[in-house]
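> Quick note, the sequence shown lines up with residues 1 to 775 if you use UniProt numbering. Backbone N, C-alpha and C fix where the C-beta goes; we use that ideal spot for every residue, glycine too. Small disclaimer: the values here were computed from a predicted structure and weren't measured.
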Amino acid sequence: MRVTSQSVVPRDITEEFTAAAATLKTGQLVKDEYFTLFEAVGALEIMDSKMDSGYLGPGENNAQALEDDYDIMRELAPEEVIGIMDELLFHEMAWHKGHPLSLTLFTSIYLDNLLWPVPKSLKEAHFGRHQPGGSKADTGLVHGVLRAYCLALVKCCDFVHSRVAAEYYYEEEDFVAQLYNRNLLSGFDTHYFLNLLDRAISWINEQESEVDETLREAINCRLTFRRDFLLGLAQDIDILETRSTDHFASCLSKLDPLANTISLGKPVPEAFSWKIQRKLASTVPPRPMVKTNADDALAHLKRLCQDAIDLLGLLDCRGPYNFKVAIWTLLARKPQPSVYIRSLVQTITVNKTTVLGAVPVKQFLYDELGELVLPTSTLLQASTDETEMPTDPRFQIAQHMDAFVKRFAQPFVDTFRSACLNRCRIRRTVCHTIIDWDNLQMEAEDLDEQLRTLSNEPPLMLSNGDATYSYPLSSWAYHQKLNQFRMILQLGFELSIYSPEELPGMYWYLSHICSTHLGHIDRIRTFTVNTAKRNLTGLAGKKRPAVERHAVLQKSLRLLERLTTQIVAVDAFAIALHALYVLLARHNVLPAAASPTQSYSRDRLRYELRMKPFIPITLPELVPFEEYHREALLDGDSDATVLERATKAIAEARKAWEATLANGAFVKDDATPADSSSQSQSQSGARAIEENWKQDVKDTMRACIGASIAIETVKKGLAARTQPRGAGGAAAAAAAGGDPCDPLRLHVSIPETGSKTRWHDWWVVPQVSPIVSPR
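#1: Could you tell me whether the Cβ atoms of C150 and Y180 are closer together than 9 Å?
#2: For L462, count the other beta carbons within 10 Å of its own beta carbon; 16 or more makes it buried, fewer makes it exposed. Which is it?
#3: Using the Cα positions of residue 791 and Q683, report the straight-line distance between them to the nearest angstrom.
#4: Do you know offhand how far H629's Cα is from N464's?
#5: Give the DSSP-derived three-state secondary structure of Q346 in the structure shown.
#6: So V373 is in the alpha helix (DSSP H); what residue range does that whole segment cover?
#7: In chain order, what residues of the same chain have a beta carbon less than 7 Å from the beta carbon of Q396, not counting five sequence neighbours either side?
#8: Which whole-angstrom value describes the C-beta separation of V339 and F175, a residue pair presumed to lie in contact below a C-beta threshold of 8 Å?
#9: Tell me which same chain residues have a C-beta within less than 6 Å of the C-beta of C305, skipping the five on either side of it?
#10: Who are the near neighbours of T139 in its chain, counting only those whose CB is closer than 7 Å to its CB and skipping five residues on each side?
#11: In chain order, what residues of the same chain have a beta carbon less than 6 Å from the beta carbon of R562, not counting five sequence neighbours either side?
#12: Count the other CB atoms within 10 Å of the CB of I13; is the residue buried (16 or more) or exposed (fewer)?
#13: Express the C-alpha separation of K324 and T713 in angstroms, rounding to a whole number.
#14: Below 8 Å, how does it come out for the segment 422-430 and the segment 356-372: are there three or more Cβ pairs, yes or no?
#15: Taking DSSP as the reference, what is the three-state secondary structure of L460?
#16: Find out if the Cβ-Cβ distance for the pair P375, T565 is shorter than 9 Å.
#17: Opposite F527 in the DSSP bridges: which residues?
#18: Would you give the residue range spanned by the beta strand (DSSP E) that Q490 belongs to?
#19: Grouping DSSP H, G and I as helix and E and B as strand, with all else coil, what is Q207?
#20: Just grab the DSSP bridge partners of A171 for me.
#21: Determine the DSSP secondary structure at L185, reduced to helix, strand or coil.
#22: Taking the C-alpha atoms as reference points, what is the distance between E752 and A703?
#23: Pull up the distance between the alpha-carbon of S470 and that of E443, whole angstroms please.
#24: Sort Q336, V570 and S769 by Cα distance to M487 and report the nearest one.
#25: Is it the case that the CB of I689 approaches a heavy atom of the ligand SAM more closely than 8 Å?
#26: To the nearest angstrom, how far is the alpha carbon of A409 from that of K533?
#27: Quick one: any contact between the segment 640-654 and the segment 498-507, if contact means 3 or more CB pairs under 8 Å?
#28: Could you tell me the alpha carbon to alpha carbon distance between P766 and L315, rounded to whole angstroms?
#29: Return helix, strand or coil for F272, following the three-state DSSP convention.
#30: Report the three-state DSSP secondary structure of W759 (helix, strand or coil).
#31: Under a Cβ-count criterion, where at least 16 other Cβ atoms within 10 Å of its own Cβ denotes burial, should A732 be classed as buried or exposed?
#32: Identify every residue that forms a DSSP beta bridge with H747.
#33: Who does V355 pair with in a DSSP beta bridge?
#34: For V772 and L746, what's the separation of their Cα atoms in angstroms?
#35: Closest to K97 by CA distance: which of L559, H300, Q441 and L491 is it?
#36: With a threshold of 6 Å on Cβ separation, who are the neighbours of C221 within its own chain once the five nearest residues in sequence on each side are excluded?
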């Protein structure tokens, strides 16, 4: 009943409110300055079951509302044990995918009895602990098999939780670490759980007469899987030492038998209850239990195990470039690896000031500089241990390089760790770090000037008579920054940030950044060759040092050539798509052309929004809007000129991507690792990563072919349009840039990310087809 007084008379304002809201324009907001957060919270309705977890409905008492009447001590049939095990596994995978424990595993009445109150020993963690005289026997299907499985599952969750919580992740996006005042048995050693599982496996194998053979094998499969999964997760960072993935490989081999026997299980829905949320330390309103089907859960589990196996391929990557290719390829898999795998990759990337457990961070940074800008350079060989004279140039060079390492090592390593975030957060993070790298480049330039004086670097004379210096450290920082420019732009296409009318301009800007990057790599190559020639000349008569330095130089030049080929491929493809979208936008056949222009949307405003990450950057300078607008629309170029530009660019892109594929994923090293079982596992993981890289390039080549077909379709559509009558009209149309009298009869659709017609997430190739007129 509603309680009303004479001074308060309720009335229905629905129609008035709807009519008032209809007068608002899109994007317009209405805010009452007196309606504060306090009033908003006060407006929440107390004693509403949707908001109040302690609310008792009419006719309910405390026992009915807070407790379930499920008899946890009752004996279970083998089919029911299988059903509960499978349901727990599905809830576990739902937690791995980002759902909270309160809606997944903590809805299990069996787990709730084991974990609360927090047990002081494993003997205390049994199902009958809350019942007087409850059985404590550790045999039987319930108290032996199911209890061992549940305890081992909780310990698996403890390993996952501790690894993820120790690294960078985003709450509610990637993972929910809240434990709701529960403990995941973190204080107990792994061997206790292994002993329980071993006893359960032995017991079930002995029940030949009591349990059907098919059901016995199904239960045994689940217990052995849990044992291997526990051992695989317990290995954790020790994979750097063991180099073994046998446990996860064993888990993979058991997934098919497990999936084939799911139908043998009998669901026990009453063993799971959302009412347990009322006893958890949570401030959120009660929410329904998460339901995950078997196919999705097992598919996620299979990917997790396979990613854990392939992760071993990262450990034998030689050189920062190869490691960067491997880590970005592994973590760009679709679907993206689970948060546990990404957290583990973060840990093995840098652990106790070493990269991959073997290379010191300083040496890793020096290897990067040696690969790209400082091959055979004395700057990387200077050490304060060689001389104790502070006035010695070598001592001062070493001090400056140590200062460089302290300032640049962490940002450099973070470029690898950022790949471990989810795709949206990668772009958001890079948008922030690119500003830091702009400041780092200026600091590196100051260091370059000081090192140039100490090393007596001779200038390089240009053809116009000007002298210039290499500036290796700032050149390397600029290279890193340009990589981040491209990453921001290309992730924007993957995440569907840009609307169709923005695609021509964004692909032009990507081409602009690639052109800038190519020019910078040419500059690095020029100084690399010049410095190497000077060093080799100074080693005349010293055969062995000369050969070694020549080999280092050749490796650096091969890397620069590889980078050039890749960026040329990206540049040419971006030019082709830019020209294609210009034609489609010019003739108003893009899907967005049919929608009315919003009053709050302008080309200049959209440009400022898209360039917001680049506005604070000093180099490369932001392109003025007028120039951007002119280049993005190709003003002054006829349709024929734009079409020719697209045709030539897509042909060049296909050749460049073919060359990229031929080069392979990694820079080959002459040194070959010793043959052993661990090395063969690492090589297997590296091969899997390389296959992913090849598939990515092949998908890009498929996108190139699709773009070629779209360009040819547009070409035919332009040729088939109706021209003005008479030679004078045709000449006038040609002089005007080839604008048609009739619109192009083409249908254009923009494929969404993840669709079959979107061959690659970074290349938005439009689907263009002719419109056939009815006869």
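According to the data block:
#1: In the sequence shown, counting from the first residue as 1, residue 150 sits at position 150. In the sequence shown, counting from the first residue as 1, residue 180 sits at position 180. Taking 9 Å as the Cβ cut-off, C150 and Y180 do not qualify as a contacting pair.
#2: Within the sequence shown, numbered from 1, the residue matching residue 462 stands at position 462. It is exposed - the Cβ of L462 has fewer than 16 other Cβ atoms within 10 Å.
#3: The shown model of the chain, from 1 to 775, leaves out residue 791, and the question about it has no answer.
#4: If you number the sequence shown from 1, residue 629 lands on position 629. If you number the sequence shown from 1, residue 464 lands on position 464. If you take the alpha carbons of H629 and N464, they lie about 33 Å apart.
#5: Taking the first residue of the sequence shown as 1, we reach residue 346 at position 346. The answer is helix: DSSP assigns Q346 an H, G or I state.
#6: Sequence index remark: in the sequence shown, residue 373 carries index 373 (1-based). Taken as a continuous stretch (DSSP letters only), V373 belongs to no alpha helix (DSSP H), as it is neither H nor E.
#7: Indexing the sequence shown from 1 puts residue 396 at position 396. Cβ contact annotation for Q396 (same chain, cutoff 7 Å, sequence separation greater than five): L454, in chain order.
#8: Translated into the one-based positions of the sequence shown, residue 339 becomes position 339. Translated into the one-based positions of the sequence shown, residue 175 becomes position 175. About 5 Å; that satisfies the 8 Å criterion.
#9: Counting from one through the sequence shown, the residue named residue 305 turns up at place 305. For C305, same chain residues with a beta-carbon under 6 Å away, outside a window of 5 residues either side, are F248, C251 and L252 in chain order.
#10: Indexing the sequence shown from 1 puts residue 139 at position 139. By the criterion of a C-beta distance shorter than 7 Å, T139 is surrounded in its chain by W203, once the five residues flanking it on both sides are discounted.
#11: By 1-based counting over the sequence shown, the position of residue 562 is 562. In the same chain as R562, and ignoring 5 residues on each side of it, the C-beta atoms closer than 6 Å to its own belong to N663, in chain order.
#12: Within the sequence shown, numbered from 1, the residue matching residue 13 stands at position 13. It is exposed - the Cβ of I13 has fewer than 16 other Cβ atoms within 10 Å.
#13: Position 713 of the sequence shown, counting from 1, holds the residue named residue 713. Position 324 of the sequence shown, counting from 1, holds the residue named residue 324. Their backbone Cα atoms lie some 39 Å apart in a straight line.
#14: Touching, no.
#15: For the purposes of this step, residue 460 is taken as residue 460 along the sequence shown, with counting starting at 1. DSSP places L460 in strand when its eight states are reduced to three.
#16: The residue given as residue 375 occupies position 375 in the sequence shown. The residue given as residue 565 occupies position 565 in the sequence shown. No, they are not a contact pair.
#17: Sequence index remark: in the sequence shown, residue 527 carries index 527 (1-based). Residue pairing by DSSP places F527 in no beta bridge whatsoever.
#18: Walking along the sequence shown from the start, residue 490 turns up at place 490. Segment P472 to E494 is the alpha helix (DSSP H) holding Q490; no beta strand (DSSP E) there.
#19: Residue numbering aside, residue 207 sits at position 207 when the sequence shown is read from its first letter. Note: Q207 maps to coil in three-state DSSP.
#20: Within the sequence shown, residue 171 is the residue found at index 171, counting from 1. The sequence given here places Glu at residue 171; Ala does not occur at that position. Paired residue(s): F175.
#21: Residue 185 sits at position 185 when you count from the first residue of the sequence shown. Reduced to three states, the DSSP call for L185 is coil.
#22: As a working note, residue 752 is residue 752 in the sequence shown. As a working note, residue 703 is residue 703 in the sequence shown. Straight through space, the alpha carbons of A703 and E752 are spaced by roughly 14 Å.
#23: Numbered from 1 along the sequence shown, position 470 holds the residue referred to as residue 470. Numbered from 1 along the sequence shown, position 443 holds the residue referred to as residue 443. So the two alpha carbons sit approximately 15 Å from each other.
#24: By one-based count along the sequence shown, residue 487 stands at place 487. The shortest Cα separation from M487 among Q336, V570 and S769 belongs to V570.
#25: With respect to the ligand SAM, the structure shown offers nothing to examine, as it has no ligands at all.
#26: Along the sequence shown, read from residue 1 onward, the residue named residue 409 stands at position 409. Along the sequence shown, read from residue 1 onward, the residue named residue 533 stands at position 533. So the two alpha carbons sit approximately 29 Å from each other.
#27: The segment 640-654 is not in contact with the segment 498-507.
#28: Start at 1 with the first residue of the sequence shown, and residue 766 comes out as number 766. Start at 1 with the first residue of the sequence shown, and residue 315 comes out as number 315. Rounded to the nearest angstrom, the two C-alpha atoms are 40 Å apart.
#29: Numbered from its first residue, the sequence shown carries residue 272 at position 272. Three-state result, F272: strand.
#30: Counting from 1 along the sequence shown, the entry for residue 759 is found at position 759. Residue state, collapsed to three classes: coil.
#31: Here residue 732 refers to the residue found at position 732 of the sequence shown. Note that A732 scores a pLDDT of 39, beneath 50, so its modelled location is shaky and nothing firm can be said.
#32: As a working note, residue 747 is residue 747 in the sequence shown. DSSP lists S769 as partners of H747.
#33: Here the question's residue 355 lines up with position 355 in the sequence shown. V355 has V350 and V359 as its beta-bridge partners, per DSSP.
#34: Against the sequence shown, residue 772 aligns to sequence position 772. Against the sequence shown, residue 746 aligns to sequence position 746. Roughly 9 Å between the two C-alpha positions.
#35: Residue numbering aside, residue 97 sits at position 97 when the sequence shown is read from its first letter. Scanning L559, H300, Q441 and L491 for the CA closest to the CA of K97 turns up H300.
#36: In the sequence shown, the residue the question calls residue 221 occupies position 221. The answer, listed in chain order, is K254, P257 and L258.
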